[in-house]
Structures are given as structure tokens and as C-alpha cells.
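Chains V and B, in that order, are what the protein sequence lines are. Per the working numbering, the very first residue in the first sequence carries number 1; after that it's consecutive. Per the working numbering, the very first residue in the second sequence carries number 1; after that it's consecutive.
Protein chains: 2
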Amino acid sequence: MSPVWRLGPQVLARAALTYLAEPADPALGALLEVCEPAEVLAAIKAGTLPAIKADALLATDLTDNPARRRALQAAVNRWRLRLPWLPDDAGLAAARRDGIRLICPADPRWPGRLDELGPVRPYALWLRGQADLYEACLRSVSMVGSRAATGYGAHMAGEIAADLGERGWTVVSGGAYGIDAAAHRGALVTGAVTIAVLACGVDYPYPAGHADLFATIAEHGLVISEWPPGRQPARLRFLVRNRTIAALSCGTVIVEAGERSGALNTARHAAQLGKPLMAVPGPVTSAQSAGCHRIIREWGATCVTSADHIIEMLSPLGTPETLPAPATGAPTATVLPSRNPQPATADATPSRDELDADSARVLDALPARGAAGTSTIAAEAGVDLDTVLRCLGMLAGSGFIERCDRGWRLRKP
Amino acid sequence: MSPVWRLGPQVLARAALTYLAEPADPALGALLEVCEPAEVLAAIKAGTLPAIKADALLATDLTDNPARRRALQAAVNRWRLRLPWLPDDAGLAAARRDGIRLICPADPRWPGRLDELGPVRPYALWLRGQADLYEACLRSVSMVGSRAATGYGAHMAGEIAADLGERGWTVVSGGAYGIDAAAHRGALVTGAVTIAVLACGVDYPYPAGHADLFATIAEHGLVISEWPPGRQPARLRFLVRNRTIAALSCGTVIVEAGERSGALNTARHAAQLGKPLMAVPGPVTSAQSAGCHRIIREWGATCVTSADHIIEMLSPLGTPETLPAPATGAPTATVLPSRNPQPATADATPSRDELDADSARVLDALPARGAAGTSTIAAEAGVDLDTVLRCLGMLAGSGFIERCDRGWRLRKP
């Protein structure tokens with residue numbers, strides 16, 4: 001028996017449901033509240049409504065509501081249309097070969113915050129990358145904004161994300177051009193975990209120009225999606241995806257947003273979930289800041305200008321102490337070196353001899369006095385940007401170097 | 001008998017007190033709450049405490065408080081030191097020759113809002129300019145900010161002030177370099193009344209580079225001060241002056257302010273008076289916007305990006321309907337043409353033949369189609385900036401022209 005089957009029929013069924021139904025389908029959400037996923041899948045395959053226990057009938061409003069019954073049956077018929085394209089094992093074996101995992105609500109590492117979405121919580125999440133989703137979300141900030149970002153907006157997103165990463169916070173964003181990319185990259189520079197929540201399969205390179213960025217994110221953090229591998233993006237999927245970005249973190253920051261930016265949709269989800277909503281101000285003369293100013297003025301979003309302000313807003317929610325412990329079976333949360341906000345103590349710092357060749361080169365490329373920027377260090381060390389990011393993060397996590405205003409510098413022993 | 005004496009002994013005494021005491025002296029404020037100004041002046045001249053009616057003794061805390069009595073006597077002695085420099089008629093005749101008036105709390109045109117300052121309200125105000133202070137303050141906004149303004153800040157102050165002026169709102173500011181000057185100039189461009197509240201005599205050109213600006217303001221609006229003519233500015237006087245800027249208007253807008261800007265002192269006065277406090281956001285990367293962002297985040301100042309937002313905040317307070325009527329004897333408030341937010345009707349528009357030569361030249365300088373900026377029009381008409389401002393305001397008020405995004409344009413008949 002393949003390892004996939006050890007996951008059990010409910011996991012397999014949830015994987016299959018991500019193929020058959022669009023996320024946040026209220027009909028499927030209602031059924032999953034009263035039936036096991038495998039029962040719902042079996043019913044879809046049979047073309048009928050699943051058997052619902054008598055004491056749960058009321059929850060689905062099916063007892064004396066023929067219209068409701070017809071609507072649910074229509075939904076089943078709709079999901080059924082996609083059955084011919086459902087892979088035999090719901091694509092789990094192929095996904096595993098590509099380094100893609102599935103995580104379900106019953107999993108102890110499922111982020112409990114997603115359950116705040118109620119009936120529209122994800123059926124499951126596809127994950128690309130080795131980071132621990134539960135732990136990465138404990139102290140996390142969603143940072144989103146315009147694709148048509150200005151230089152100012154990209155700068156702010158990058159700086160604030162880097163500062164958040166340096167302080168041990170995970171940056172969650174949407175992997176889009178502009179602000180999203182700047183936020184992910186800012187976090188990567190500090191070696192922090194960052195999470196890209198896509199509106200397509202985690203193996204689907206959209207936008208195409210971000211294929212390398214997603215690969216780098218998967219290496220240091222997570223690329224996640226409610227859609228199964230291979231699924232293409234679509235306009236409405238971005239809007240549906242946004243609720244997950246808002247739900248996954250302690251709070252949401254809008255860095256730049258035009259009056260009609262999709263980022264404001266994410267902001268609205270955050271507000272509706274009762275989560276802290278923040279916005280970075282900008283020049284009034286910039287259309288890309290108009291949405292930020294509007295949500296500060298009209299929605300009561302907090303005006304933030306630094307990582308400090310964001311952490312101050314979120315800390316009561318985000319500190320591990322005040323978060324509920326993961327469900328049974330979860331290992332004790334451990335702080336990964338790369339996410340450690342405190343420099344490692346001298347005792348814990350590995351010796352230079354233990355460094356891999358690339359990291360040793362990068363460490364040697366740092367000036368003896370003062371600091372250097374990431375690209376200068378990459379050029380000096382003769383390694384590519386991806387390698388320098390990986391090495392800088394590791395070296396910072398191990399206490400060899402530290403980030404400062406002007407880039408990176410050696411830590412004093 | 002000179003016209004000055006017709007003002008009465010109390011007015012004369014208040015004029016004299018502006019020479020003898022610094023504004024907002026709590027000792028003088030307390031005495032003026034229980035004594036007539038002339039009695040206080042006579043006591044100062046005699047070097048004693050004024051006779052206080054028995055039923056008012058409690059208010060000054062003099063009944064059984066020798067320390068309080070000693071402190072008041074010390075204040076009298078302090079004020080007395082300046083007696084040798086007090087002009088015979090408190091400088092009123094000379095001031096009148098220079099076009100300077102005095103207005104006192106008993107005057108029906110005294111802005112009642114100033115009384116919200118309680119014991120630190122101005123003893124009197126010296127006015128340069130013919131505008132009606134009471135009416136000018138009915139719908140007014142204090143707009144202040146950094147002297148070290150950026151191009152962005154000056155642009156925002158000018159644009160918002162011009163829009164406010166166009167909508168019939170008076171801009172109150174401090175006459176300083178930077179944001180203050182941009183706010184005054186923006187209002188002047190629309191022919192609106194603007195009020196400069198100085199920390200020195202209204203005839204004292206400080207800063208020296210603003211002598212012409214103050215002359216222009218006095219022509220179209222008011223230059224006012226609590227200090228008598230000829231008095232020089234001093235560091236502490238600016239801080240004392242700020243409470244008057246905040247008290248005079250319906251609300252205060254900070255356009256740019258560094259973390260330690262004096263504008264935040266004005267902001268604090270507005271907040272303490274319970275008046276709407278607003279701030280214009282800017283780039284986080286600009287130190288001159290840091291103060292604005294801070295008061296939005298920490299003091300709850302409203303984030304505003306346009307005149308519309310400001311008017312929306314202030315209208316419940318600022319519309320003439322909801323303001324108390326002026327004290328007895330006040331003429332009915334009339335809307336001056338230059339402050340009329342609605343273009344004059346065609347019937348009310350004077351004919352071109354009635355225009356003075358400068359205004360006719362300025363009107364001819366406007367393009368037949370489209371719009372032109374103020375300086376372009378000045379160059380085209382061959383008149384100086386001061387003249388073009390005066391003429392544009394008159395022409396707009398008379399319905400010949402109107403302001404638009406790109407400057408000024410002819411109004412369609």
C-alpha cells in the first residue's frame with residue numbers, strides 16, 4: 001500500500017473535494033459541518049445527497065425545506081461535473097513526489113485561526129515547502145498591496161517585512177507583483193519564514209515571472225493554496241483566496257492600495273474577522289496610497305509606519321503564550337534558528353569550520369568594519385542572490401552576522 | 001476729543017494690558033474675571049492689588065490665602081515694570097493711523113470661540129486688515145505645519161487651502177515659512193479671507209521675508225496678534241500664540257510636522273480644547289510627516305487628504321446655522337462675494353465695463369478654452385503676483401472665472 005493511503009480516507013476525501021468544488025462554497029461548507037468528508041465524496045460520486053444524521057438535519061436546514069434540498073442537490077450535481085478530471089488518489093502521490101503536502105483541519109498542525117472562517121474555512125490546504133505552517137502562523141502578519149506598486153510602496157513593504165522577519169514574525173502575502181513580492185523578498189532577506197497564499201496550484205507559476213521567487217519561498221517558508229496542484233488562477237479565485245490571507249495571520253497591513261485595489265478586499269476580510277487592520281500611509285498625491293488613507297479614515301485602520309507599530313498592535317494576539325495550544329498530538333513549538341528574534345548566544349554559535357562552502361564564502365564577503373548590502377555581498381562572495389539570501393539568513397540565525405540600517409554586518413563576539 | 005477716546009476706558013485699558021503683560025498670564029486672567037480692565041490698569045499704575053468685590057474674592061482664591069495674594073502682588077509689580085514704555089493712549093491713535101484696530105471680548109464681533117480658552121483667553125486682539133473677524137471665523141480651519149516643509153507638504157497645504165477658500169472657508173495659520181505660508185497663499189489665490197496669527201506686533205515683519213505676504217493678507221484678510229504693534233517675537237511667544245490659532249477656528253489640520261515640530265503644540269491645544277484635530281499623511285520616508293502619522297496613530301487625529309474631508313469633519317460645528325448668533329449689536333452676517341462658495345448668478349455678475357483696468361487685463365489673459373495657472377496669467381496680463389491674486393479673487397467672486405484642477409478658467413455664461 002502506498003504511503004498516501006496511510007493518510008486515511010478523510011484526508012483523501014478532502015484532497016478530492018479541493019478538486020471538485022471551488023473553495024468557500026457555502027453548500028459544501030454546510031455539508032462538511034454535519035458529514036464526514038468521505039461521506040460527502042461518496043455522495044457526489046453517487047450523485048445523491050449524503051445521509052445526514054437526524055440530529056444534524058437542522059444545521060443544514062433540510063428538515064422541512066425542499067428548496068434547500070434542491071439547492072444542495074444542484075451543488076452535488078455541479079461538483080460531480082468535475083469527477084472525470086479527479087486523479088485516482090486525488091493527486092496525493094504525484095504531489096508528494098513534487099514535494100507538495102496536504103494539511104487538513106483535523107491535523108494538529110492546522111492553524112486554528114482558519115476555523116474563524118466558519119463554514120467558508122478551507123477544505124484543506126496544499127503546501128509546498130518544509131516549514132511548519134502552525135508555528136509559522138503563531139506570530140504572523142499579512143502584508144498585501146497593489147500590484148502596480150510605486151518605488152515608495154515597494155521600499156516600505158520590503159523594509160517593514162525585513163524588520164518583521166528579523167523580529168521573528170512571519171510575513172503572509174499573495175505572491176503577486178508589486179507589494180506582495182516586496183514583502184516576501186523583504187522577509188527572505190532576513191532568513192525569516194514567509195508564506196505565499198496563491199489563487200492557483202502551488203506548482204502553478206502565476207505570475208510566471210515569480211516562478212523563481214516561489215521556489216525560494218518554498219525553500220525558506222511555504223507556498224500554500226486551497227486549489228489542487230496544476231489548477232490555474234482565475235479572477236474570482238483571487239477574491240476567494242484573500243479571505244485565507246486575512247484569516248491565517250494575527251493581523252493585516254495594507255502597504256499601498258489604489259481606490260479599487262484587491263488589497264482592500266483582503267482588508268475587508270480582516271475587518272470582518274475582527275482582526276487588527278493596519279495601513280501604511282503615503283503621499284496623498286499618490287493614487288496608490290488613496291486606499292490606505294481611506295481605510296484609515298473610514299474603516300478605522302491603524303496608521304502604522306514601522307514594524308514596531310505592527311508588533312505593538314498584534315502582540316497581545318500573537319505571542320505564543322496567549323495563543324491556544326495546538327490540538328492533541330502536536331509537538332511542542334520550537335523556535336527555528338532563522339526565526340529567532342534574539343541573536344543566538346555565543347555558546348550556541350557553531351564554529352566557522354562547520355559552515356558549508358557557500359556560507360563560509362558569504363561570511364568572508366562581509367566587511368571587517370561597517371556593513372554591506374545584500375547584492376554587494378553576493379558580488380563579493382561570487383554567489384547568486386538566492387544563495388546569498390539563504391546563507392545570510394542562516395548566518396544571522398546562527399549569530400555570526402546581524403542586520404542593520406545599511407545591510408548586514410559581523411556581530412561582535 | 002480724539003476718536004480713540006470714544007472707545008471707552010475699558011478698551012483703552014485692555015490695549016494697555018497687552019503692553020504690560022504677556023498673553024495667557026494666569027494672574028491677569030484671574031483678575032480680569034473679577035475686575036474691570038480699567039480697575040486692573042489703575043491698580044498696576046498704583047502698584048497695588050485692585051479692589052475685588054467680596055462676592056468675587058473666592059474666584060481669585062484671595063480670601064484666606066496670603067501666598068496667593070503675594071503672587072498676585074508680584075505679578076502687578078512685574079507688569080508695572082513695563083509702564084514707562086506704555087504709550088499715552090496705549091498706542092491706539094498711532095495704530096489707527098497705520099490701519100490697525102483693536103478688538104476686545106466685549107465687542108459684538110469678538111469670536112466667541114476664543115472664550116473657550118477660559119482664563120487664558122486673549123486680553124484683546126490687534127487687527128491689521130478690514131475683514132470681519134467674527135464672520136471670518138464662522139467657517140474656518142487652522143492649518144499649520146513645519147517651517148522646514150518639503151515640496152510635497154507645501155503643495156498639499158496650498159492645494160487644500162485653495163480648495164477650502166474656494167468653498168468659502170477661512171484658513172487660519174501662523175504666518176511662518178513653509179506650511180503656514182503655503183496655506184495662506186493657497187487661500188489668497190482663491191480670493192478667500194485668510195488670517196495670520198502672529199507672535200509679534202501685526203506691523204512687525206517677522207519673518208522679514210514675509211513682509212509682502214503679510215501686506216497681501218491684510219489686504220484680503222487679517223493679520224492679528226495679542227501683542228501690541230511694534231512688539232518683537234520671542235521663542236515662548238510662538239507657543240503662547242499657538243493656543244489662539246487652535247481656539248480661533250472650527251478645527252486644526254496639521255499638514256507636515258517633524259517629531260518635534262511646533263505644529264504639534266498647536267495640535268495639542270486643539271485636542272485639549274476638544275476641537276477636531278486632523279492630519280495630512282505623507283511618505284513614511286519623510287521626517288516631516290512623522291509628526292502627522294504619530295498624531296493619527298496616537299492622538300486619534302483624523303487622516304484627511306482633501307478639503308472635502310476637512311469640511312465633512314467640521315461642518316456640524318462650522319455651519320452658520322449651528323453657531324451661536326453674535327452678541328447683541330452685531331450686524332447680520334453677510335456672505336462676501338469673495339467668500340461665496342457658489343458662483344454668483346448671471347444676474348449678479350457685473351458687466352466687463354465695470355471692471356478696473358487691472359482686472360480687465362487679468363480677465364483678458366485667461367485662455368478662451370482650457371485653463372491657466374496663476375503665474376502664467378500674471379505674465380500674460382503683465383501684472384505682479386499680488387495684483388493677479390487680488391484680481392483673480394475678485395473675478396471669481398463676481399462670477400467671471402472659476403478655479404479648476406489646472407488653475408483658472410472662464411466660466412461658461
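Just so you know, even glycine gets a beta-carbon here, dropped at the ideal spot from N, CA and C.
Considering only DSSP beta bridges, list what residue i is partnered with.
| i | result |
| --- | --- |
| B:Gly407 | B:Cys404 |
| B:Thr216 | Per DSSP, none; premise fails for B:Thr216. |
| V:Gly251 | V:Val141 |
| B:Trp126 | B:Leu102, B:Ser225 |
| B:Met278 | B:Val253, B:Thr302 |
| B:Leu198 | B:Ser225 |
| B:Ala372 | B:Trp408 |
Does residue i pass the burial test, meaning 16 or more other C-beta atoms within 10 Å, or should it be called exposed?
| i | result |
| --- | --- |
| B:Thr305 | buried |
| V:Ser140 | buried |
| B:Ser261 | buried |
| B:Asn65 | exposed |
| B:Asp55 | exposed |
| V:Arg113 | buried |
| B:Thr63 | exposed |
| V:Cys404 | exposed |
| B:Pro84 | exposed |
| B:Thr328 | Confidence at B:Thr328 is low in this model, with a pLDDT of 41, below 50, so its placement is unreliable and the value that follows should be read with caution. With fewer than 16 other Cβ atoms within 10 Å, it is exposed. |
| V:Gly291 | buried |
| V:Ser146 | buried |
| V:Ser289 | buried |
Given residue i, which residues of its chain have a CB within under 6 Å of its CB, disregarding the five upstream and five downstream residues?
| i | result |
| --- | --- |
| B:Ala270 | Ala246, Thr252, Leu277 |
| V:Asp61 | Arg68 |
| B:Ala199 | Pro233, Arg237, Phe238, Arg241 |
| V:Pro341 | Residue placement at V:Pro341 is poorly supported in this model, since its pLDDT is 35, which falls under 50; the coordinates still yield a value, given next. Contacts found: Arg167, Gly168. |
| B:Ala287 | Gly258 |
| B:Leu57 | Thr63 |
| V:Ala21 | Leu28, Trp79 |
| V:Ala24 | Val120, Val240 |
| B:Ala381 | Arg361, Val362, Ala365 |
| B:Ala95 | Pro229 |
Between which two residues does the alpha helix (DSSP H) carrying residue i extend?
| i | result |
| --- | --- |
| V:Leu57 | 57–60 |
| V:Ala154 | 151–166 |
| B:Pro26 | 26–34 |
| V:Tyr19 | 9–20 |
| B:Gly91 | Unbroken run through B:Gly91: none, as it is neither H nor E. |
| B:Trp85 | That residue, B:Trp85, is in no alpha helix (DSSP H); it is neither H nor E in DSSP. |
| V:Gln232 | Neither: V:Gln232 is in no alpha helix (DSSP H) and is coded neither H nor E. |
| B:Ile44 | 37–46 |
| B:Thr387 | 385–397 |
| B:Ile179 | 179–189 |
Please check the pair residue i and residue j, which I expect to be a contact at CB under 8 Å, by giving their CB distance rounded to whole angstroms.
| i | j | result |
| --- | --- | --- |
| V:Ser359 | V:Cys391 | 4 Å |
| B:Ala124 | B:Leu92 | Contact flag wrong, Cβ pair sits at about 11 Å. |
| B:Tyr19 | B:Arg82 | 6 Å |
| B:Arg231 | B:Gly201 | 4 Å |
| B:Arg406 | B:Ala371 | 4 Å |
| V:Ala154 | V:Ile179 | 7 Å |
| B:Ala176 | B:Met143 | B:Ala176 to B:Met143, Cβ: 12 Å. No contact. |
| V:Gly99 | V:Arg128 | 6 Å |
Might you give, ordered along the chain, the residues of its own chain that have their beta carbon closer than 8 Å to the beta carbon of residue i, omitting 5 neighbours on each side?
| i | result |
| --- | --- |
| B:Ala330 | For B:Ala330, the predicted model reports a pLDDT of 38, less than 50, meaning its position is unreliable; a value from the coordinates is still stated below. Once the five neighbours on either side are set aside, the close Cβ partners of B:Ala330 are Pro108, Arg109, Tyr134. |
| V:Asn77 | Gly47 |
| V:Ser2 | Unreliable positioning characterises V:Ser2 in this predicted model, as indicated by a pLDDT of 44, which lies under 50. The coordinate reading is nonetheless provided below. Contacts found: Asp89, Ala93. |
| B:Thr302 | Pro276, Leu277, Met278, Ala279, Ile296, His309, Met313 |
| B:Pro205 | Ala211, Phe214 |
Leaving out five residues on either side along the sequence, give the residues of the same chain with a beta carbon under 7 Å from the beta carbon of residue i.
| i | result |
| --- | --- |
| B:Cys35 | Pro50, Ile52 |
| V:Leu395 | Ser359, Val362, Leu363, Ile401 |
| V:Ala307 | Ile160, Asp163, Leu164, Arg167 |
| B:Glu116 | Ala247, Leu273 |
| V:Val11 | Leu102, Cys104 |
| B:Ala16 | Leu41, Leu86, Ala90 |
| V:Ala325 | Unreliable positioning characterises V:Ala325 in this predicted model, as indicated by a pLDDT of 39, which lies under 50. The coordinate reading is nonetheless provided below. Counting only Cβ-Cβ distances below 7 Å, and skipping sequence neighbours, we find nothing. |
Considering just the uninterrupted stretch of the beta strand (DSSP E) at residue i, what are its terminal residues?
| i | result |
| --- | --- |
| V:Leu366 | Run containing V:Leu366: none; DSSP gives neither H nor E here. |
| V:Thr170 | 170–173 |
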